[in-house]
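Going by numbering that gives the first Met the number 0, the sequence shown opens with residue 0, and the numbers climb by one from there.
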Amino acid sequence: MKVRILTVGNKMPKWIQTGFDEYHKRIQPMLHTEIVEISAAKRAKNPSDANLAQYREQEGQAILAAHAAAGREQLWVLDVKGKMLSTENLAEKLSDGMQQGDDIALVIGGADGVSPDVLAKADVKWSLSALTLPHPLVRVVLMEQLYRAMSINHNHPYHRGN
């Protein structure tokens, strides 16, 4: 199983990159992961609602193109309206996917959200939290949760939950 993180934006602050890199390094023996950065749409200073929809559409097309280029993989979209999963539920979903031989593309949308086209194609809509989180921080939280879930699946002592 391979997990690709399709994320809008690049040039992360050093502390974000350091956190992401730490969990990315730790997870590799258990789960091959890679990050695919998609350029954010160029934004106006005072965008209208129509501009925001256009940005989501432009970024969405780039996300779907990156997903299509990989061939067969499930599309999981991080969405505040998605289903919340406990870490144990995530571990179970990843374990099931591994048994089925599925690859996964995990989408972190842009600052203005994810396009309706991407949401419509999603196999899973997953909410990390009801809180609004900054997109750079989501990278770190996502990698940590993937690592924690895989630690559960590999009986590694990192996760000290139930």
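From the three backbone atoms N, C-alpha and C, an ideal C-beta is built for every residue, glycine too. In this text the structure is predicted, and so the values were computed from the model without any measurement.
Beta-carbon gap between D101 and Q57 smaller than 9 Å: Position 102 of the sequence shown, counted from the start, is the residue given in the question as residue 101. Position 58 of the sequence shown, counted from the start, is the residue given in the question as residue 57. For D101 and Q57, no; Cβs fall outside 9 Å.
Nearest to N88 (by Cα), restricted to the options Q144, Y22 and K10: As a position in the sequence shown, residue 88 is number 89, starting the count at 1. Closest by alpha carbon: Q144.
Validate contact between the stretch 13-31 and the stretch 75-88 using beta carbons, cut 8 Å, 3 pairs: no
Three-state class that DSSP yields for D48 in the structure shown: Numbered from its first residue, the sequence shown carries residue 48 at position 49. In the structure shown, D48 sits in a helix (DSSP, three-state: H, G or I).
Separation of G8 from T86, as counted between CA atoms: By one-based count along the sequence shown, residue 86 stands at place 87. By one-based count along the sequence shown, residue 8 stands at place 9. If I take the Cα positions, the gap works out to 26 Å.
Same chain, Cβ closer than 8 Å to M164, neighbours up to 5 away in sequence not counted: The displayed coordinates of the chain run from 0 to 161. Any statement about residue 164 would go beyond what the structure contains.
Beta-carbon gap between L127 and V117 smaller than 9 Å: Your numbering for residue 127 matches position 128 in the sequence shown. Your numbering for residue 117 matches position 118 in the sequence shown. No, the pair does not count as a contact, with Cβ atoms beyond the cut-off.
Sequence-distant residues of the same chain with beta carbon closer than 6 Å to V137, five excluded per side: Start at 1 with the first residue of the sequence shown, and residue 137 comes out as number 138. Hits under 6 Å: I107.
Per DSSP, cross-strand counterpart(s) of V76: The count along the sequence shown starts at 1 and reaches residue 76 at position 77. Bridge partners of V76: V106 and K124.
Cβ-based burial, R71 [other Cβ within 10 Å; buried from 16]: Reading the sequence shown from its first residue, position 72 is the one you call residue 71. Exposed.
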